[in-house]
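The structure under discussion appears below in the form of structure tokens.
Protein chains in written order, with our numbering: chain W, 1 to 933; chain A, 1001 to 1280.
The following block contains the structure:
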């Protein structure tokens, strides 16, 4: 009975301890911020209603459909569709619904325009390979049941716009038909559908809008074939490109008669060479052709007359035409100029324009991030500022005191909250004692680098890297990673830190690499270069040269290593350390992991500084039964406080701590697909712990009936991984902890006294490792998008796992729950140690969501950075949205909370001193009286 | 008195019978476990708990009554070890011999690994001495599949040459296998390798090899859960079964129960009771 009561108490304590890590409602927004984005816009539909607020509905590359305020750019509503649910087209129907076609024409949804609620959803049967088109009649009358047409391959679906029911369905042709253009002449019930059958036949269908009946069809074949692009220039002329992309073919299809007329592009545009591409149709008789970095606008007059209106050099984007009035149309052109963007709006007639608002939506596609310290506070702050802040300070504390004593009226409560939220302290551009203020430097997919302030998430600077832009030397550049380049400690007062951005000119591994060094405080690009070699991996080394630049090794496609920065100083440091530098490469396609050291053959050429690899070890996973699914390593900058772990009965276990452990998970090749695609007997998962210096497999374990997707996180001496258990039909998380046995002897006190211990002996990875492994598996309800672990300055604070759940939230789960030493009935001493009784599954406490009520839509990554305060870890999670907060896994044991009332403390002390004086006086009096007696 | 003597006699007979019958069952089931052990050449048996029980498929092998004892087909396979001194090419250095067992369900496992090292030639000895001087890497490799003919992938492992010499050249192989595939070979010194590595020549220029064959182990699962799962599946699939007790453990339980039974007429053995209450 007593035991039961004790257990109950323990559980109660446990729960209360987890609950207390949660936030109170008024603490929201104090240390955290959340920013909403939509991503790079693909389509935009303007809703220009005369009354009410004007909106634009957009769909983006992040698969977001959103409605924005045209005046301010604010988001009215948005929906993030899944990663696999790509949006193909957006339209507005009946002036009140937004219709989206997604998943390659498979799903049609209607959303309510004012509030974004889904009205209906229809699943259509389309062949996966064909392109889909959504057609909404422009002259729809409200009240009449209007139809939405979806063309997918040779199929037409007509759906009712009010409820999404399929009204009719028509198959036009059994051949490989690709409908290119659909339009409806004014005031007619006939739809014109134009397309290609195969590669050489042009076809025009005239379809009854109400019934789907094919009224007329005409076909004609063209000998040299089409490339599959066509642009509608007027009601009866389509311009297409031929198969070689060197001829423009204008096709007139008036009254069912098809005529071709081809024009050789070099005759029209003399500087043309290579291949042309048609841009989306402008529809007012203007055709836009992209010929190798130049866009040529052509006016089409009749079938055989084309006239060049304008040539635009090196544009990066061109918009669709936007009708302004009956006759007027406008379109916009974007051009890059070094580090600026030129935005031009072209009209049929000249008008002036200005930018009303802009959104920083590149932040929806972050690829990598790093942090940088802010500048040190300079001395010499003006007196007036101090006085002002002193008065504010006193006022603030007086208000807080009132709040604490519950004397504040609602207005004052609101004022207190406002002061807390708008704290001047947290937004300063200087370093603070606690290390909460930092710059988060993010790299976006478009090659833009931005610095965000951790206080409020504002963009401090941003730079669009010119080197990451399409040019002749670099065809298809994209950004890979961002690393710390220089962190000045000795000259922190007058030197700025810098970061290095690494990219590649194309998606192949052999494409040349790009390096760009950027000042962390100002965003100034110090140096940019396109490398002569490719970039396969980049490895920051734990060495710095005399100017405190970090040494980096770039491994190219031939596995040769190149050292950066290319200075004689850094080469000298590197060559001294070279015998102890090892690296590995994971070849996922070949199922091989190989380990290398570096060697220098012959003399070093300073310009090249090229080091050759020497293969030391290899692990070959049998491709019939295993496939590499995931690898994970410890963070390079992680700090472990102690190797010893005190367990029950004053016993010690030594963690096996090595920076070189690689966790590899392999799955059965059959089971690499979706969950449920195989039976439990056909699925398995192998987990490996590999030492990357010697190639030694430290531990290898199999999970039968387990399937991916796998997520893993590694820290100190443990790894936690998440997968699906097919037998139990649930997600599962496993933990492996690895302990060093070779130091076990040190427990003998006499050995320590006599100095016969091996605590100070250097550890060689070539020694035979004596390790033991403890592991356990637990069920976990959620599927996981991303996993991370908290990091603190000294590694003393206990760890929490940060789990990005399927609901786009971040859950903080205490590592204690994933302790392999948990048992059903822990002994008394184990309970004292803090071991939780074993349960089948891991608890999900609603209060332990770091993101509290918010969602980080499209969550992709979680990054943790230690603050200077040991108890606290900074958490930055990104996806379509950004979210930043700081968490204290063991609560803030080393500092007072921000809302601590100093005034109350002062008041208490004053009251105590007063009481002391009064009682002292009283006692003196009493003593005197006693003496006189 | 007479009855008690009679009872103890019965008990003795029973237990003897039990011993005999259990020992009869011992042959195929338990012996296999022994067979998974590694072969050694000239070395101490480095007992490792991680060795036994090949894993895939997860079915625990039971002796098939239709087949004669020792049912799995076994044949001997050879694969060669090649070595390299620094930058030069690989040359043969020895041969591994193992027994390949084929199971009725299609799985194959390697057992009884033996190794014979070729003696070092003078040339090789010179190369090794050079390696020791420059603190270079001594690299070895074995084929990644023991059945296929040479000309496929190799698993490679290297060691700083200065870690090897002791009295003789002491080396330690751990071969991680998966059926007929060799996933990795870990080549290391027999004990610790001091850092900084000192130049030391062996007294005897011959190799002393220790070899260990390792298969992957099954991930442990909470026992309560394993039983629950087994009950849930109702014996349909061979799930993760609780670890089987060793012969002696079973024997003692039975003996204990028999004694208890004879003493107190207890209807159920404790073990069964526990099992039932937990599986409910």
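Glycine included, every Cβ here is placed at the ideal spot set by N, Cα and C.
In its chain, beyond the 5 residues on either side, 675, 707 and 731 have a beta carbon closer than 6 Å to the beta carbon of residue 724/W. Per DSSP, the beta bridge partners of residue 540/W are 552/W. Listed by position along chain A, the residues whose Cβ is nearer than 7 Å to that of residue 615/W are 1156. Per DSSP, residue 1101/A lies in no alpha helix (DSSP H) segment; the continuous beta strand (DSSP E) that holds it begins and ends at 1091–1102. For a Cβ distance threshold of 7 Å, residue set 1195 of chain A lies close to residue 762/W, ordered along the chain. Residue state for residue 168/W is assigned as strand, using DSSP reduced to three classes. In this structure, the alpha-carbon of residue 740/W lies about 18 Å from that of residue 776/W. Interface residue (Cβ-Cβ distance to chain A less than 9 Å): residue 603/W is not classified as such. Here DSSP, grouped into helix, strand and coil, assigns residue 393/W to helix. Across the structure, residue 920/W and residue 930/W are spaced so that their CA atoms are roughly 15 Å apart. For residue 1172/A, the chain W residues whose Cβ falls inside 9 Å of its Cβ are 768, in order along the chain.
Within the segment 621–650 of chain W, the residues whose Cβ lies closer than 7 Å to any Cβ of chain A are, in chain order, 621, 622 and 625. When DSSP states are grouped into helix, strand and coil, residue 626/W belongs to the coil group. The beta carbon of residue 112/W sits closer than 6 Å to the beta carbons of 119 from its chain, once the five residues preceding and following it are set aside; these are given in chain order. Counted as a single uninterrupted DSSP element, the beta strand (DSSP E) harbouring residue 773/W occupies residues 771–780. Annotation for residue 555/W: 536, 537 and 561 place their beta carbon closer than 6 Å to its own, counting only its chain and skipping 5 residues before and after.
Taking CB atoms only, residue 1144/A has a neighbour in chain W less than 9 Å away. Shown here, residue 475/W sits in coil according to DSSP, grouped into three states, outside any helix or strand. For residue 1164/A, no alpha helix (DSSP H) run applies, since DSSP gives it neither H nor E.
Under the DSSP assignment, residue 929/W falls in the alpha helix (DSSP H) whose first and last residues are 902–932.
Here DSSP, grouped into helix, strand and coil, assigns residue 26/W to helix.
For residue 1253/A, the nearest beta carbon of chain W is not closer than 9 Å to its own beta carbon. In the structure shown, the three-state DSSP call for residue 416/W is helix. For residue 619/W, the neighbours in chain A by C-beta distance under 7 Å run, in chain order, 1155, 1183 and 1184. Straight-line measurement puts the Cα of residue 35/W at about 13 Å from the Cα of residue 859/W. For residue 1190/A, the nearest beta carbon of chain W is closer than 9 Å to its own beta carbon. Rounded to the nearest whole angstrom, the C-alpha separation of residue 487/W and residue 569/W is 17 Å. Within 10 angstroms of the beta-carbon of residue 1133/A lie fewer than 16 other beta-carbons, which makes it exposed. Contact between the segment 806–825 of chain W and the segment 841–850 of chain W is present, with at least three C-beta pairs closer than 8 Å. Separation of the CB atoms of residue 375/W and residue 429/W is rounded to 7 Å, and the pair is thereby assigned contact status at 8 Å.
For residue 697/W, at least one C-beta of chain A is nearer than 9 Å to its own C-beta. Using a CB distance below 7 Å, no part of the segment 534–548 of chain W faces chain A. By alpha-carbon distance to residue 623/W, the top candidate from 1129/A, 1180/A and 1128/A is 1180/A.
Contact check between the segment 471–484 of chain W and the segment 902–918 of chain W: fewer than three CB pairs, one atom from each, fall below 8 Å, which does not count as touching.
Contact of residue 125/W with chain A by beta-carbon distance below 8 Å is absent, the smallest such distance being about 37 Å.
Listed in chain order, the non-local C-beta contacts of residue 628/W below 7 Å within the same chain comprise 586, 588, 591, 621, 664 and 666, local neighbours out to five positions each way being set aside.
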